[in-house]
Amino acid sequence: MRLSRYFLPVLKEAPAEAEIASHSLMLRAGMIQQLSAGIYNWLPLGHAVLKRIEQIVREEMNRAGAIEILMPTIQPADLWRESGRYDAYGKEMLRITDRHERDMLYGPTNEENVTDIFRRHVRSYKQLPLNLYHIQWKFRDEIRPRFGVMRGREFLMKDAYSFDADFEGAKRSYDAMFLAYLRAFSRMGLTAIPMVAETGPIGGNMSHEFQILASTGESAVYYDAAFEEVDLGAPDLDIERLKSLYAATDEMHEPEKCEVAADRLRAGRGVEVGHIFYFGTKYSEAMGATVTGPDGSDVPVEMGSYGIGISRLVGAIIEAFHDERGIVWPEDVAPFKVGLVNLRPGDEATSAMADELYAKLEKAGVTVLLDDRDERAGVKFATMDLIGLPWQVTVGPRGVAAGTVELKARGTGEREEMTPEALLARLSA
RNA sequence: CGGAGCGUAGCGCAGCCUGGUAGCGCACCAGUCUGGGGGACUGGGGGUCCCGGGUUCAAAUCCCGGCGCUCCGACCA
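Numbering-wise (our numbering), the first sequence opens with residue -17 and increments by one.
Okay, structure coming up:
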C-alpha cells in the first residue's frame, strides 16, 4: 500500500477524551473514530488489525474442532422469553421494536439463538460433540462506556457454544477451548493468565476468565510464575495442572492463603479478553434442546459458551505493547509487516530504489506500507513510530549512494545498514 | 444510576466572569527556500460559537429548557 493513496488520518495531538494509552494511540494512529458513546468507526489501519486478530482466533477455533457459523445481530424477543433472560437481562440489552410492533433486540450474546439452531437439527447423542462459533458484533448498553474499544457498547466478539451428551464430554469441550484460548493469545504475543471466575448472569459452575498482562491493565493480578513457562506445543500438556495453578485478581487474592512460594508469585496488571463457561443444561432444559441417548431416553444437552473480545483485544494488545512514541505491534497482528520510508520522493535514484523494494517485498508476500508522501524525514519517522509497524526500512539519498538501506526494528529501536538484497532476504524469511 | 465537568474551524484551545468586529496554535491550499527525527517564510481558504426559547437596542457571552460528549464511583467480553 502506498501511503499517498491510503487513508490514514493520524493526529499530532491526542484528543482530549482519551484517558488511556490504547485509546489515545488508536485515535492518533487513525485506527478508529468515535461515532457515539462506546460506538466506533474502524478506519483502514484499525480494521486491518481487527481482521488479523479475528483470523488468529478463527484458526485456533477451527483447530480445536469448532465450526464457524454466523448468527444475526438482531434477534426476536420471544427466543429470550423462552430462557427467561428477556426480563432478567435488564437495561444492558438494547431493545428494538420493528414496524409490526414486534419486540426485537440487538444481541448481547447468542446462547438462545444457538440453542434454537441446535434443537431444530440435532436429535442423537451420536451427532455430538458439537461446537458452533461465530464472530459477530454485539451490543451491550453499558452504563458508562469508556477506554475506547476496551469497553465499547458495540463490540466484536467471537463466541463459541459447545454441546455434549454428558458432563465428561462437556468437560472435554471446555478443556479444548481452554487450550485454544491460551494458544490464540500466545500467537498474538500475549501472556494470558486464566483465572477461576464467577459465572454471573449466564449461570453454571465452571468458568475461567483470561487476563492478558499489560502494565497499564485495569486490574491487578497475582499468578504463579509457571504460567510464563508453559509450552503450549508440548504433546503432554496437562490442562488440569494449568487450571490448578494459582491466579487471582486483586479482589480475590489473599496473601495469607496463597500457597505459591514468594519468589514464584508474580504480580502484574491484566486486561480481561476472554471468558469461558460451562453451564450444563441451563438453556437446553429451558428451551427443550435434547438428544436421544444410547438407552433411548431424551436428555438435555450439556452446554458451555466461550467468548473472546476481538475488538477489545485490539486495545488490550496496544496496552501491552506501546512506548512513548506509539504502538509497537507484535508481528502476527501488525496491520503491515514493513513500513518502507522513501525519504526523498523527489529524488530519482532514491525513489527507484524504494519502488523496487516495495515491489519485491509485495511479490514475496510481505505486507508493506510505503511512505511516498512529500513530507520531511521527521514527519515520516514519527508517523511510522506512531503506527508501530514491526520493521521500518529507510531509503534515503545517502544510503542509496552507498548502496545500502536502513532496517530498524520498532520494538528495540536497533538499526542496521544493509544492501537491498540482504534486506529482502531478511524480511522475506 | 449518583457526583463533577465540557460543547467556539478538521484537532488542541482562548474569548464568556464584566453583552458591542469571532480569535490563537496545529492541520489544510498556493508559492519560495529547505530536506536523515513532527522545518522556515509569504499569501490564502474554512465558523448554524450544540439545539430551542427568553432577556436586551445588541447574546459565543446573561437566564430557562433540551441534546450530545467526557471524567469519578457502583457494573461488565
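We put the CB at the ideal spot given by N, CA and C, even for glycine. The structure presented is a predicted model; accordingly, all values stated were derived computationally and were not measured.
Query	Result
Residue 56 beta carbon less than 8 Å from that of residue 22	no
Where the beta strand (DSSP E) containing residue -11 begins and where it ends	Premise fails: residue -11 is in no beta strand (DSSP E) and is neither H nor E.
Alpha helix (DSSP H) segment containing residue 248, residue limits	Element bounds for residue 248: not the alpha helix (DSSP H) but the beta strand (DSSP E), 247 to 262.
Every unbroken alpha helix (DSSP H) inside the stretch 67 to 92 [4 residues or more]	67 to 70
Residues that DSSP places opposite residue 15 in a beta bridge	23
Completely contained beta strand (DSSP E) runs for the stretch 296 to 327, where each covers 3 or more residues	320 to 324
Enclosing beta strand (DSSP E) for residue 272 [first to last residue]	272 to 274
Three-state class that DSSP yields for residue 103 in the structure shown	helix
Rounded straight-line distance, which links the Cα of residue 330 to that of residue 379	9 Å
DSSP state of residue 190 mapped onto helix, strand, coil	strand
Whole-angstrom C-beta distance between residue 302 and residue 172, which should lie under 8 Å	6 Å
Element boundaries [alpha helix (DSSP H), containing residue 141]	Residue 141 -> not in any alpha helix (DSSP H); beta strand (DSSP E) instead, spanning 136 to 146.
Host alpha helix (DSSP H) of residue 277 (start-end)	Per DSSP, residue 277 belongs to no alpha helix (DSSP H) and is neither H nor E.
Sequence-distant residues of the same chain with beta carbon closer than 6 Å to residue 289, five excluded per side	139, 141, 257
Span of the beta strand (DSSP E), counted from its first residue to its last, around residue 178	174 to 178
Cut-off 7 Å between Cβ atoms - residues of its own chain near residue 35, not counting five sequence neighbours on either side	170, 292, 295, 296, 315
Member of 241, 33, -3 whose CA lies at the smallest distance from the CA of residue 16	-3
Beta-carbon proximity list for residue 75, same chain, < 6 Å, skipping 5 on both sides	87, 90
Where residue 175 falls, given that 16 or more other Cβ within 10 Å makes a residue buried	buried
C-alpha gap between residue 146 and residue 99, whole angstroms	15 Å
For residue 380, three-class secondary structure by DSSP	helix
Residue 51, DSSP secondary structure in three states	coil
Nearest-angstrom Cα separation, counted from residue 280 out to residue 143	20 Å
Neighbour-count burial assignment, residue 122, 16 or more Cβ in a 10 Å radius	buried
Limits of the unbroken alpha helix (DSSP H) element including residue 339	330 to 345
Cβ shell of residue 323 (< 6 Å), same chain only, five flanking positions each side left out	353, 362, 376
Strand pairing of residue 112, partner residues [DSSP]	145
C-alpha gap between residue 414 and residue 390, whole angstroms	Residue 414 lies beyond the range of the chain shown here (-17 to 411); nothing can be said about it.
Inter-residue Cα distance where the pair is residue 364 and residue 4	17 Å
Residue 164 burial status per 10 Å Cβ neighbour count (16 or more: buried)	buried
Buried versus exposed, by CB contacts within 10 Å (16 or more), residue 237	exposed
Buried or exposed (CB count within 10 angstroms, at least 16 for buried), residue 116	buried
Check whether residue 397 and residue 370 have beta carbons under 8 Å apart	no
Closest residue to residue 450 among 374, 54, 42 (Cα-Cα distance)	It is not possible to answer for residue 450, since the shown part of the chain is limited to -17 through 411.
Buried versus exposed call for residue 37 [16 or more other C-beta atoms within 10 Å across all chains shown]	exposed
Rounded straight-line distance, which links the Cα of residue 309 to that of residue 394	13 Å
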